[in-house]
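Numbering (the working numbering), first residue to last: -8 to 310.
Note that the Cβ used here is the ideal one computed from N, Cα and C, for glycine as well.
This report concerns only the one structure given below.
See the structure below:
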């Protein structure tokens, strides 16, 4: 005798766009609820004059971003901060920063008291079009993102003005993820120079592409896996190079390698693959493996979380 049960979890979240920092914070703090704030320390120093008056009204903690800080020590720091500031199940945690800050805070929020609500305020291009969208949280442990959860933020609040002070290397990283979106959507409009003077339509186009895979498969049981294009190779490279290469650049390198891999195995059409590589390289992306990195990369990829049994799943382009 057996009894079978199915529980469907309903997910809902908002993506909100703002043309001023003041309107974002007015909405963010318009509700009467207990909240704490985590902010990227570098961002806070740059935006202190404008962020300070808002953040100092609430308990807030400035922490370092970057993949080298996406670890258990930072998670414990966040959990201690939650506990010391009496965060309850009904509280909300607000994360302001790039992808690593959002990953860290989302992960800590997902395990604290079996999950508390959180809000994402992405401040880098990559975070706006990718990291903040989809509910994935993670920290690095024995490899890239090997510990993680699905824990969707209640709101994603996007203010493109944060990009005005973003280093060009971070813009370059964000464009890397957009190249992936362009191939998955078949849109050449995305695989282009970043329109810095009017970024919002470009940002929204990328978000729409990612959502087209997520909304029907929020927990990556099927088609959402296509969003891993370039990531198996890319995550391996990030780990091998001790996170000295940006995530977006690593993803582009992974796409280039996936194109080579697909062409060699007659999965990717030769003419399409060569044209795709030229288009990517025309945007300024090119990579060379250093001596010994190939062996290290293979060993790292063997630990990839997308591995099944004795097989490593790769997303390749077929044209």
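Q | Length at least 3, wholly inside the region 137 to 198: the beta strand (DSSP E) runs in chain order | A | 138 to 141, 146 to 149
Q) Can you find at least 3 beta carbon pairs, one from the region 235 to 252 and one from the region 213 to 227, that sit closer than 8 Å? A) yes
Q) Taking just the CA atoms, how far does residue 119 sit from residue 79? A) 28 Å
Q) Are the CB atoms of residue 124 and residue 6 nearer to each other than 9 Å? A) yes
Q.
Alpha carbons only, please: which of 27, 86, 22, 170 is nearest the one belonging to residue 271?
A. 170
Q.
If contacts are defined as beta-carbon pairs under 8 Å, then residue 66 and residue 27 qualify, I think. What distance do you get, rounded to the angstrom?
A. Residue 66 to residue 27, Cβ: 15 Å. No contact.
Q: Compare the beta carbon distance of residue 201 and residue 121 with 9 Å and say whether it is the shorter of the two.
A: For the 9 Å CB-CB criterion, residue 201 and residue 121 form a contact.
Q. Using a Cβ-Cβ cut-off of 7 Å (strictly less than) and excluding sequence neighbours within five positions of residue 221, which residues of its own chain qualify?
A. 171, 242, 243, 245, 246, 249
Q. Does the distance from the C-beta atom of residue 165 to that of residue 239 stay below 9 Å?
A. If you check the CB distance, residue 165 and residue 239 come in under 9 Å.
Q. Going by the CB atoms, is the gap between residue 308 and residue 235 shorter than 9 Å?
A. Contact check for residue 235 against residue 308 fails: the beta carbons are separated by 9 Å or more.
(Q) I'd like the list of long-range same chain contacts for residue 98, defined as Cβ closer than 8 Å, with 5 residues on each side in sequence excluded. (A) 66, 128, 129, 130, 138, 139, 140, 142
Q.
Just to confirm my understanding: we take residue 215, look at its own chain, exclude 5 residues before and 5 after, and list those with CB closer than 7 Å. What are they?
A. Taken in chain order, the residues that qualify are 204, 205, 208.
Q.
If distances are taken between C-alpha atoms only, which option among 59, 53, 287 comes closest to residue 29?
A. 53
Q) How would you call residue 197, buried or exposed, if buried means at least 16 neighbouring beta carbons within 10 angstroms? A) buried
Q) To which residues does DSSP link residue 26 through a beta bridge? A) 83
Q.
If I measure Cβ to Cβ from residue 167 and keep anything under 6 Å in the same chain, skipping five residues before and after, which residues do I get?
A. 239, 240, 242, 243
Q) Quick one: what does DSSP say residue 254 is sitting in, helix, strand or coil? A) helix
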